[in-house]
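A.B. asks:
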Amino acid sequence: DTEVTQTPKHLVMGMTNKKSLKCEQHMGHRAMYWYKQKAKKPPELMFVYSYEKLSINESVPSRFSPECPNSSLLNLHLHALQPEDSALYLCASSQAPTMNTGELFFGEGSRLTVL
Amino acid sequence: RKEVEQDPGPFNVPEGATVAFNCTYSNSASQSFFWYRQDCRKEPKLLMSVYSSGNEDGRFTAQLNRASQYISLLIRDSKLSDSATYLCVVAPPDSNYQLIWGAGTKLIIKP
Numbered sequence: 196d197t198e199v200t201q202t203p204k205h206l207v208m209g210m211t212n213k214k215s216l217k218c219e220q221h222m223g224h225r226a227m228y229w230y231k232q233k234a235k236k237p238p239e240l241m242f243v244y245s246y247e248k249l250s251i252n253e254s255v256p257s258r259f260s261p262e263c264p265n266s267s268l269l270n271l272h273l274h275a276l277q278p279e280d281s282a283l284y285l286c287a288s289s290q291a292p293t294m295n296t297g298e299l300f301f302g303e304g305s306r307l308t309v310l
Numbered sequence: 353r354k355e356v357e358q359d360p361g362p363f364n365v366p367e368g369a370t371v372a373f374n375c376t377y378s379n380s381a382s383q384s385f386f387w388y389r390q391d392c393r394k395e396p397k398l399l400m401s402v403y404s405s406g407n408e409d410g411r412f413t414a415q416l417n418r419a420s421q422y423i424s425l426l427i428r429d430s431k432l433s434d435s436a437t438y439l440c441v442v443a444p445p446d447s448n449y450q451l452i453w454g455a456g457t458k459l460i461i462k463p
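Protein sequences appear in the order of chains S and V. Each residue of the first sequence is one higher than the one before, starting from 196 at the first, in the numbering used here. Each residue of the second sequence is one higher than the one before, starting from 353 at the first, in the numbering used here.
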């Protein structure tokens, strides 16, 4: 069982809706990540928070807005999405910079469909 | 040339057989290498890190060839439960948090 919990597991939203994806970890990890994965493709990094500060934004459109309220929580706020944004959104955490150990702990993902 | 390249497969292999896949990377300064496993509609999970000296974990062996810039994964005595997509992952030398992911190799073990 994964120690990174994501909610909701499935989300269907219209292009005018505002919704949020939530992620929680209690492993004491200080780096948290949002990845996007399309079918038969590898995960694509969107955002990284390190010690609750936004460390990396991979030129993600502003209709995706991340938030890290504390060291255990990570949110992704969604607004005015497009159908091509439909994908599996994966939250991950790591104990240290990934270059050291490469181990990311992923949640099971939130499967998003934009109509 | 892609930064990390893998044969997408699928590799269809009978149960009990040995299977190997390679992954090539373009940045010769890369220092850290990993294999992740992803089951269908599940999240990726770290299978093993790849060290310069090679490493083995049960039926799985990973090797690094810096001269030719490739890493390999060998699975011996394959089980039905080994069916998954295997993702090759490389940590670039100039980033603490970014990983370069290969597109994955799909493995199907047949009874």
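Every residue gets a Cβ at the ideal spot worked out from N, C-alpha and C, and that includes glycine. Please read all numbers here as calculations on a predicted model, not as lab measurements.
Who pairs with E239 (chain S) in a beta bridge, going by DSSP?
C.D. replies: Taking the first sequence and counting its residues from 1, one reaches residue 239 (chain S) at position 44. In DSSP, E239 (chain S) forms a bridge with S:K231.
A.B. asks: If you draw a straight line from the alpha carbon of P445 (chain V) to that of L416 (chain V), how long is it in whole angstroms?
C.D. replies: As a position in the second sequence, residue 445 (chain V) is number 93, starting the count at 1. As a position in the second sequence, residue 416 (chain V) is number 64, starting the count at 1. The straight-line gap from Cα to Cα measures roughly 16 Å.
A.B. asks: Assuming the contact rule is C-beta atoms closer than 8 Å, H224 (chain S) and S281 (chain S) should be a hit. Round their C-beta distance to whole Å, please.
C.D. replies: For the purposes of this step, residue 224 (chain S) is taken as the residue at position 29 of the first sequence. For the purposes of this step, residue 281 (chain S) is taken as the residue at position 86 of the first sequence. Between S281 (chain S) and H224 (chain S) the Cβ distance is about 28 Å, and since that is not below 8 Å, they are no contact.
A.B. asks: What in chain V is Cβ-close to A282 (chain S), meaning under 8 Å?
C.D. replies: Locating residue 282 (chain S) in the first sequence gives position 87, where the first residue counts as 1. Those do not exist, as A282 (chain S) stays about 13 Å from chain V at its closest Cβ, beyond 8 Å.
A.B. asks: Checking contacts by CB at 7 Å: is E298 (chain S) closer than that to chain V?
C.D. replies: Taking the first residue of the first sequence as position 1, residue 298 (chain S) is located at position 103. Closer than 7 Å: yes.
A.B. asks: Using beta carbons (cut-off 7 Å, strictly below), is A414 (chain V) in contact with chain S?
C.D. replies: Here residue 414 (chain V) refers to the residue found at position 62 of the second sequence. No, no contact with chain S.
A.B. asks: With H, G and I counted as helix, E and B as strand and the rest as coil, what does DSSP make of E279 (chain S)?
C.D. replies: The residue you call residue 279 (chain S) lines up with position 84 of the first sequence. The answer is helix: DSSP assigns E279 (chain S) an H, G or I state.
A.B. asks: Nearest to S420 (chain V) by alpha carbon, out of V:V441, V:D359, V:T376 and V:K458?
C.D. replies: For the purposes of this step, residue 420 (chain V) is taken as the residue at position 68 of the second sequence. Checking every option, the nearest Cα to that of S420 (chain V) belongs to V:T376.
A.B. asks: Mind checking the stretch 232-248 of chain S against chain V and listing, in chain order, the residues whose C-beta falls within less than 9 Å of any C-beta there?
C.D. replies: Hits within the stretch, in order: Q232, K235, K236, P237, P238, E239, L240, V243 and S245.
A.B. asks: Considering Cα atoms alone, identify which of V:L451, V:V441, V:V442 and V:T437 is closest to K458 (chain V).
C.D. replies: Walking along the second sequence from the start, residue 458 (chain V) turns up at place 106. K458 (chain V) has its Cα closest to that of V:T437, out of V:L451, V:V441, V:V442 and V:T437.
A.B. asks: So, is T293 (chain S) buried or exposed, given that buried needs 16 or more other C-beta atoms within 10 angstroms?
C.D. replies: Translated into the one-based positions of the first sequence, residue 293 (chain S) becomes position 98. When all chains shown are included, T293 (chain S) counts as buried.
A.B. asks: For the beta strand (DSSP E) that contains Y422 (chain V), what are its first and last residues?
C.D. replies: Position 70 of the second sequence, counted from the first residue, corresponds to residue 422 (chain V). Here the beta strand (DSSP E) through Y422 (chain V) covers Y422 to I427.
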